Amino acid sequence: MQIDIYNTDNKYDLIYTDPAWKQTKGNKRKCRPNQGKELDYQTCTMDEIKEIHRQALSLCNEKHNVFMWTIDKYLHETEQMMKELGYELHARFIWDKENGIAPAFTVRFSHEYLLWFYKKGNILMPCEDMRGKYTTVLREPSTKHSKKPVCAYEMLENMFPNAKKLEMFARIERDGWDTWGNQVGILDKN
């Protein structure tokens with residue numbers, strides 16, 4: 004169900020977020036037609052991302068977790084931003100996309116990070132039968148830009164089956180999740 008984070012009484016145990024990091028297309032073809040072009044969606048500055056998350060985090064129950072996607076370019080800034088918001092890093096998951104682009108024709112960037120944050124003393128623990136079942140490496144080929152791996156959703160649903168879940172900057176709708184973003188459902192059509 005799509006919600007408005009600025010106008011809801013809902014409370015959440017798990018926030019799953021894929022911020023619209025400021026970046027441009029870098030995929031080069033023939034005469035580099037895409038180089039430097041804006042992405043096909045509106046991006047945000049770090050300050051905007053921080054303020055949006057400050058609002059979303061105010062909707063959380065006392066015990067909760069935040070799972071946030073980031074890329075190499077923003078890894079340290081993401082961790083610092085969440086620290087400033089009062090969160091600690093529990094784990095860094097690495098999504099091995101099994102493909103990727105080679106900026107400047109060097110090496111292929113074939114991973115993203117899914118960071119698990121919590122408030123000290125208030126981590127939401129996975130259900131007992133799922134503790135230790137998952138590693139910090141997620142392997143699934145990427146399919147479309149910004150479409151996250153199904154295995155990440157499944158991992159969170161298995162680890163936290165009774166958690167009230169909110170996906171921020173959502174691009175798909177998924178049963179059992181509330182969603183927020185200006186592109187909710189756009190990838191459901193493809």
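Using my numbering, the first residue of the sequence shown is number 4, and each one after it goes up by one.
Ideal Cβ positions, reconstructed from N, Cα and C, are used throughout, including at glycine.
Because the structure is a prediction, the values reported are computed rather than measured.
Around the beta-carbon of ASP181, 16 or more other beta-carbon atoms lie within 10 Å, marking it buried. Taking 8 Å as the upper bound for CB-CB distance, MET4 and LYS53 are not in contact here, some 26 Å apart. Looking at the DSSP output, ASN68 sits in a beta bridge with LEU17, TYR121.
Here ASP50 is exposed. Its C-beta has fewer than 16 other C-beta atoms within 10 Å. Taken in chain order, the complete alpha helix (DSSP H) segments of 4 residues or longer contained in the stretch 129-181 are 153-162. Scanning PRO164, TYR77, VAL69, ALA173 for the CA closest to the CA of PRO129 turns up PRO164.
Taking the Cβ atoms as the reference, PHE70 lies roughly 16 Å from TRP24, outside the contact range of under 8 Å. For ILE52, the enclosing alpha helix (DSSP H) covers residues 49-60.
Secondary structure at TYR77: helix, using DSSP grouped into helix, strand and coil. C-alpha of LYS136 to C-alpha of ALA94: approximately 14 Å in a straight line. Bridge pairing for HIS93: absent [DSSP].
Your pair TYR15 and LEU92 does not check out as a contact, with CB atoms roughly 19 Å apart and the cut at 8 Å. In the structure shown, the three-state DSSP call for LYS100 is strand. For GLN5, the three-state secondary structure derived from DSSP is strand.
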